[in-house]
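Novice:
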Amino acid sequence: MKRGMCLSLGLAMLAVLTIPIATLADDAAANPRVKISTTLGDFVVELDAEKAPITVKNFLGYVNDGFYEGMIFHRVMPNFMIQGGGFDENMVEKTEGVKAPIKLESDNGIKNVKYTIAMARKPNPDSATVQFFINVTDNTRILDHRPGYPGYAAFGKVVEGQDIVEKIRTTQCILHEKYKTRDGAVTPKTPVVIKKAAVVKTEATKDGTDAKSKDGE
4 MKRGMCLSLG LAMLAVLTIP IATLADDAAA NPRVKISTTL GDFVVELDAE KAPITVKNFL
64 GYVNDGFYEG MIFHRVMPNF MIQGGGFDEN MVEKTEGVKA PIKLESDNGI KNVKYTIAMA
124 RKPNPDSATV QFFINVTDNT RILDHRPGYP GYAAFGKVVE GQDIVEKIRT TQCILHEKYK
184 TRDGAVTPKT PVVIKKAAVV KTEATKDGTD AKSKDGE
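As structure tokens, this is what we get:
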């Protein structure tokens, strides 16, 4: 075989070998995972940085800052969603470390289906900061973006620990004296505390699919 042909063949093989590595790196960057450890157990959310780059960057910023540690799920509606990330066990809203509100990305194509994670916000569409919620039913009809309605920005989904989400969803709730809303008794009687939120790595199986997540180093 001629030298030029060997060189071309070698480069071609090198290119084939490097494509999967680059693809895996791109997939990891586009789909980071965060483990949320609570007093009722752990669950993992996989985020879609490609479709919701602003929202994912914002959420990961708070995760990496350790902002969510000690926060609770303060609003639990078993036929709607579970919301947390903004109040501590004494129902005091955490303001230190809160960054500027972000632009709403509700038209990103991610629907508010069961077990998706989305950002909570005020009436102003571009007002989301730290609070997030997990849809515990299909809320596409009432929360998705549509003409004349800004909607809410879903930016990922629960991929592990859905049973823990169900535990939170069905926990006994009370009408908290410091959180009286039109929703009624929505605050867990026994606080569901976020002990830690951290980015995790995934272990790839031999066939290239993802196995369970593991804590990052």
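Under this note's numbering, think of the first position of the sequence shown as 4, with each following residue one higher. Using N, Cα and C, we set each Cβ at its ideal position, and we do this for glycine too.
(1) Going by the DSSP bridge assignment, what does Gln-86 pair with across the sheet?
(2) Give me the Cβ distance between His-179 and Met-84, rounded to the nearest whole Å; I'm assuming they're in contact under 8 Å.
(3) In terms of residue numbering, what span does the alpha helix (DSSP H) encompassing Val-168 cover?
(4) To the nearest whole angstrom, what separates the beta carbons of Val-133 and Val-101, a pair I think is in contact under 8 Å?
(5) Tell whether a beta-carbon distance below 7 Å holds between Asp-91 and Gly-69.
(6) Can you give me the Cβ contacts of Ala-3 inside the same chain, cut-off strictly under 6 Å, excluding the 5 residues immediately before and after it?
(7) Is there contact between the stretch 147-155 and the stretch 121-130, where contact requires at least three CB pairs shorter than 8 Å?
(8) Whose C-alpha, out of Lys-192, Arg-185, Lys-54 and Asp-147, is nearest the C-alpha of Thr-173?
(9) What is the rounded straight-line gap between the Cα of Glu-96 and the Cα of Val-202?
(10) Ignore the nearest five residues each way along the sequence and tell me which others in Asp-45's own chain have a CB closer than 6 Å to its CB.
(11) Taking Cβ to Cβ, would you say Leu-50 is nearer than 7 Å to Ile-171?
Specialist: The short version:
(1) Arg-78 and Phe-136
(2) Wrong, their Cβ atoms sit about 17 Å apart, outside the cutoff.
(3) 165-172
(4) 6 Å
(5) no
(6) Residue 3 is absent from the structure shown; the chain starts at 4 and stops at 220.
(7) yes
(8) Lys-192
(9) 24 Å
(10) Lys-38 and Gly-164
(11) no
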